[in-house]
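Here the numbering used here is used: the first residue of the sequence shown is 1338, the next is one more, and so on. We treat Cβ as the ideally placed atom computed from N, Cα and C, and that holds for glycine. Let me begin by presenting the structure, written as structure tokens, before commenting on it.
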Amino acid sequence: MNRISIYLIFVAIWVAASAAVAAFPEILAPVAGVLNAPLQETIAVFLSLMLVLTIIFLLLIGLEAGRSVAEHLR
């Protein structure tokens, strides 16, 4: 269960970061400047990356929950 808590903390951070970028897109302006990419493309890449990471960590949470239930049922 301890791993699940850590995974949930990471997911919460990523969701909060995604919400912050969606609400205030100018946050990523320095990153877009460094990458020499338009701001809209930088935001799209960032949000896509956050979505993929969230899905991966939700998968890990599901695996840990399944293991926990399996151990409990033994």
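Relative to ALA1359, the option among SER1405, ILE1346, ILE1392 and VAL1382 whose CA is nearest is VAL1382. Counting the other CB atoms within 10 Å of its CB gives ALA1356 a total below 16, which places it among the exposed residues. Between GLU1401 and TRP1351, the alpha-carbon positions lie close to 20 Å from each other. Bounds of the alpha helix (DSSP H) holding ARG1340 are 1339 to 1360. Taking the Cβ atoms as the reference, PRO1362 lies roughly 5 Å from ILE1380, within the contact range of under 8 Å.
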